[in-house]
Each structure stands twice: as structure tokens, then as C-alpha cells.
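Engineer:
In the working numbering, the protein residues as written are 228 to 724.
(1) By Cβ distance below 7 Å, which residues in the same chain neighbour residue 603 in space, the five residues on each side in sequence not counted?
(2) Going along the chain, which residues of its own chain have a beta-carbon closer than 7 Å to the beta-carbon of residue 634, five neighbours each way excluded?
(3) Scan the stretch 262-292 and note each continuous beta strand (DSSP E) run of 3 residues or more that stays entirely inside, going in chain order.
(4) Tell me whether the stretch 361-370 and the stretch 339-353 touch, counting them as touching only if at least three CB pairs, one residue from each stretch, are closer than 8 Å.
(5) Tell me, which residues are paired with residue 431 by DSSP?
(6) Report the option in 667, 231, 530 and 317 whose CA atom is closest to the CA atom of residue 483.
(7) Assign residue 628 to buried or exposed, taking buried as 16 or more other Cβ atoms, counted over all protein chains shown, within 10 Å of its Cβ.
(8) Leaving aside the five residues before and after residue 498 along the sequence, list all residues of the same chain whose C-beta is less than 8 Å from its C-beta, in chain order.
(9) According to the neighbour-count rule (16 or more other Cβ atoms, all chains shown, within 10 Å of its Cβ), is residue 233 buried or exposed?
(10) Whole angstroms is fine: what's the gap from residue 463's alpha carbon to residue 695's?
(11) On the CB-based measure, 16 or more other CB atoms within 10 Å of its CB, does residue 445 come out buried or exposed?
(12) Taking the straight line between their C-alpha atoms, what separation do you get for residue 473 and residue 547?
(13) At which residue ranges does the stretch 349-409 contain complete alpha helix (DSSP H) runs of 4 or more residues, listed in the order of the chain?
(14) What three-state label does DSSP hand residue 426 in the structure shown?
(15) Going by the beta-carbon positions, is the gap between residue 469 and residue 557 smaller than 9 Å?
(16) Name the one or two DSSP bridge partners that residue 550 has.
(17) Do the stretch 285-304 and the stretch 635-649 touch if we need at least three Cβ pairs shorter than 8 Å?
(18) Can you look up residue 325 in the DSSP assignment and give me helix, strand or coil?
(19) Between residue 686 and residue 309, what straight-line distance do the alpha-carbon atoms span, to the nearest angstrom?
(20) What does the alpha-carbon distance come out to for the pair residue 569 and residue 263?
(21) Beta carbon of residue 339, beta carbon of residue 323: below 9 Å?
(22) Which residues does DSSP list as the beta-bridge partners of residue 439?
(23) So, at 8 Å on beta carbons, what are the nonlocal neighbours of residue 383 in its own chain, with the 5 sequence-adjacent residues on each side left out?
(24) Decide if the stretch 513-532 is in contact with the stretch 270-278; the criterion is three or more beta carbon pairs, one per stretch, under 8 Å apart.
(25) Just mark residue 621 as buried or exposed, buried being the case when its beta carbon has 16 or more other beta carbons within 10 Å.
(26) Contact between the stretch 349-357 and the stretch 329-336 is defined here as three or more beta-carbon pairs at a separation below 8 Å; is this criterion met?
(27) Provide the residue span of the beta strand (DSSP E) that contains residue 578, from first to last.
(28) Does residue 497 come out as helix, strand or coil in the three-state DSSP assignment?
(29) Helix, strand or coil for residue 674? Go by DSSP, reduced to three states.
(30) Cβ of residue 454 within 9 Å of Cβ of residue 659?
(31) Should the stretch 496-515 be regarded as contacting the stretch 412-432, the criterion being three or more beta carbon pairs within less than 8 Å?
(32) Would you list the residues sitting across from residue 233 in a DSSP beta bridge?
(33) Relative to the C-alpha of residue 331, which residue among 481, 600, 637 and 349 is closest?
(34) Note down, in chain order, each residue of its chain lying with its Cβ closer than 6 Å to the Cβ of residue 422, except the 5 sequence neighbours on either side.
(35) Let me know the secondary structure DSSP gives residue 344 once reduced to three states.
(36) In terms of alpha-carbon separation, which member of 248, 394, 712 and 370 lies closest to residue 380?
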């Protein structure tokens, strides 16, 4: 029997930082996530450095930011540029490594260091570029239950915000399957080795098709209205594409409220599955030696500033829940010190790139190679400790990127295509209602220079010339014709066999 700690890494997909009870949300029901926060440390300045699925998950796997990876956009087929992944380094040091749920890496069946892998990839066929593509493990299991090809029988699009309830028996819901298979992965582990288990839930990413019993919990709940900034008439071109695709300025109050209720219901269902996982660990006698990390790959605008989905550096899209919890039973003083108190909140600026080095330090494994991430274990022990002054965010291809620099108190966003700027004092204006770029000229200059410093430290970046930011197409507008052709079916899926 090993004395090395087990690590249970739990991720959700497209979950905002402010949709958990312990972050002050008085609507959504998340008792288990709240429990993990009370027994650990919650980070309230956690960011997705590339807030879209594929590059965000690549940062988790490698500890690298998008520029280092060569991946700042959603690019299917992208292969990780290193063999020194999180699961590989843990496996090489004696860990049994397992993943259940969504990976969204390529090639899809490449284990990248996981000894076992059960995939639920939201209806995508696996084997991009191959003539003989296959569906994932969840879809195969669904067929075995007599419901082949019916995972999307609800008729909702994979990126749509229309709402219905789950039409099949409850136990067939992908969240239920991921929870059950995660519990089984714990039970059938090799108990002579420490366990690293990644439980990767697809919810609350659309489709918004929660169980009826969870949707019903919010029948009497009044949803909080989306935040609308005083700068909406200055949306950069980068945002206008989103407005056109989701018709964000046309959604009714009922549509928005239903989407928020379904989103809450999906989160509550995940919360219940996390409790099953904790219960299974308790039954297996593992809680005295198991660390938890809980986070999301990115958030969701959910109608804030009339935007939906991700791919922006506004709060809803890029700010993520992030909780690290030491073993919840037993004497923690050998690990955390006799003065350590759980339940505190750290304002340290952290990101997904920090997960790999944090897990390695928990496991007592030396990091191989150069990465961008920093271990957060020192901050878990002392929440006042910080690992960086600012963090960089970058999404999009060269010439059309959005870039962000923040220290958790101020946030600066620059749009490379048209050169527009947003400056928020997020410590006083967490909803990002007031753009201060036109009024606080000296503050704006300071933050613009911080972004320039980041970019000039690179070998080359087209956005900087002679120490100044250079827009790709200043003054560009998105025509009504272009907007009309951006309307999409949001990857709706039908019967697929």
C-alpha cells in the first residue's frame, strides 16, 4: 500500500465562477462544491488563459499557455507538442492514471499517459481525418442499453441556448454516466499504487437538457438578469460576430430565464455526482489520503453584455471556479502545518496552466521541462501568497485576437482586429459595467504597456511595432450581410448510428 496521496481532479465544462453557492450565488444549489470550498481553498481570481475547449484543455494537460503551445484558437486535430503531459509524468512516477468523460484532445484515442480512458465527447465522431470514424464510450454504452444514436433525441443544439428536459430515462444522461463510471474507476483501481483520476463532466455546456427533477428545483426561483455594460454601443468587431451568431440582442426575458434555469439544473446534477464520488472514496477508505481539485475549462457569457458562449475575456467567459481541497479526513498538520485553517478564499491570480505543477508537487514529483504554470500548493497553505503579479489571456488567430492582462483588480482587454480597448476596475466593478478606457488615460496607458511587454518578450508578434500595439484593420465594421450569414444551427445533432 502506497503512502503517496491520491488526486481526484474534477472538471466541468463551460461553468462560470459565479454560479456556485460559496461564491455568493443565492440561486444555484451546489452543496457539495460548497463543501469542498469549506474544506479547502477557493481562488476567486482564476482565469482560463484561452477560453475555448481545445486550447484550455491543452493548457491543463501541459502546463503551457496558448502561445507556448502554438494553440490560441479552437483547432480540431491539434496534437499536444510534448510527451511530458500531466498524466504521463504521474504515471512515470508510480501513479495509476485514469480519465472518465470529456478530453477534447487529438488524436482522440491517444492516451497521453492515461492508463485507462472512457470518453464522452458530446456526440462528436472520433478519429478526425480517418475514413472509419467511431463514436465514444458513452455512445457505445447507450447503444448497449437499447438507445443507440439517441443521445441527442432532445433536439437541442450542442451550442444552443434553447431548453428542454432530458427525454430518456434519467440514468442514461451523460452526467449520470460520467459520475457512475468515475465511481467504478475508484473501486476497481490498483490499490498498490496511488490514483490520479480525472472526472471530466460535459455539463453545464449546452445542450441545455437537464433532468426534469433538477429543472423542477428552480421552478420558483427568480433568475438574476444578465449584466449590461454602459459600453454596449461600442462592441468591437470581435463581439459583433458573437452577437450575430447567437442573436444576443434579440433574446427575450423568458428565453434568458429558461436558459439560466437549465444551466443551474445541470450544475446541480453535477454537484450530486461529485457527492457520489466523495461517497465512494469514503466507502473505499481513501478520504484520509485524497486531494481534490475542482475547476472548469472556461465559463459562459450567458447573456452578459448581450453575449453568449465563450471566447471572450469578459468575466462570465474567462473567469472560472477553482478549488483545491486537501484530504477531508485525518490529521492534516503533517501536510499543511498546525496553523492551517480551511475555508479561506485566495485572491491570487491563477490559471489552468497551474494545474499540472500543482498536481506534481502534491504527488512529490519533480517537474520536467519548462512550462508557464506555477504550483499553487504554497498558496493553498498560505492564501495570502501569490505566484504572479498578472496573467495573460489570448484567444483567436493572429490579426483577429482578443488579449487580456489582469491582476485581479484591474482588467485590460485589447482587440487586435479593430484596436478597441476595454479597461475595467474589476475590484469595484466586478460586473464590468463601466469601460474606463476613455476616462482614465494614464491607467489605460499603464495597462497597454503591460500587454506590450508581454508581446515584446516573444520572438515575434505582429501586434507590436516600435513599442506600440498595432491593430490589423482599424475602423473595420461587420456588415449586415456578414451578420446574416453568421446565423448558425449551433452544431445540432440528430439520430446518429
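By construction, the Cβ of each residue, glycine as well, lies at the ideal position given by its N, Cα and C atoms. These figures come from a predicted structure and were not determined experimentally.
Structural biologist: According to the data block:
(1) Hits under 7 Å: 551, 577, 581, 585 and 614.
(2) A distance below 7 Å between beta-carbons, with the five flanking residues on each side excluded, links residue 634 to the following residues of its chain, in chain order: 576, 616 and 617.
(3) 268-274, all fully within the stretch 262-292.
(4) The stretch 361-370 vs the stretch 339-353: in contact.
(5) Checking the DSSP bridge columns, you'll see residue 431 partnered with 240.
(6) Closest by alpha carbon: 530.
(7) Flag for residue 628 reads buried.
(8) 256, 257, 258, 259 and 260, listed in sequence order.
(9) Buried, by the Cβ-count rule.
(10) If you draw a straight line from the Cα of residue 463 to the Cα of residue 695, it comes to about 19 Å.
(11) Residue environment: residue 445 is assigned as buried (16 or more neighbouring CB atoms within 10 Å of its CB, all protein chains considered).
(12) In a straight line, the C-alpha of residue 473 is about 22 Å away from that of residue 547.
(13) Listed in chain order, they are 364-371.
(14) In this structure, residue 426 counts as strand in the three-state DSSP scheme.
(15) No. Outside cutoff.
(16) Its beta-bridge partners are 269 and 521.
(17) Touching, no, given that fewer than three Cβ pairs across the two stretches are closer than 8 Å.
(18) Of the three classes helix, strand and coil, the one that applies to residue 325 here is strand, per DSSP.
(19) Cα-Cα distance, rounded: 20 Å.
(20) Roughly 10 Å between the two C-alpha positions.
(21) Their beta carbons are not under 9 Å apart, which means residue 339 does not touch residue 323 by this criterion.
(22) According to DSSP, which records beta bridges pairwise, residue 439 is partnered with nothing at all.
(23) Cβ neighbours of residue 383 beyond the five flanking positions: 389, 390, 391, 433, 434, 435, 436 and 719.
(24) Yes: at least three Cβ pairs fall under 8 Å.
(25) Answer is buried; the Cβ neighbour count reaches 16.
(26) Two segments are said to touch when three or more pairs of C-beta atoms, one from each, lie closer than 8 Å; by this definition the stretch 349-357 touches the stretch 329-336.
(27) Where residue 578 is concerned, the enclosing beta strand (DSSP E) stretches over 571-578.
(28) Residue state, collapsed to three classes: helix.
(29) Secondary structure at residue 674: helix, using DSSP grouped into helix, strand and coil.
(30) Pairing residue 454 with residue 659 gives a Cβ-Cβ distance under 9 Å.
(31) Yes, the stretch 496-515 is in contact with the stretch 412-432.
(32) Paired residues: 517.
(33) Residue 331 has its Cα closest to that of 349, out of 481, 600, 637 and 349.
(34) Taken in chain order, the residues that qualify are 233, 323 and 416.
(35) DSSP places residue 344 in strand when its eight states are reduced to three.
(36) Ranked by Cα distance from residue 380, the options 248, 394, 712 and 370 are led by 394.
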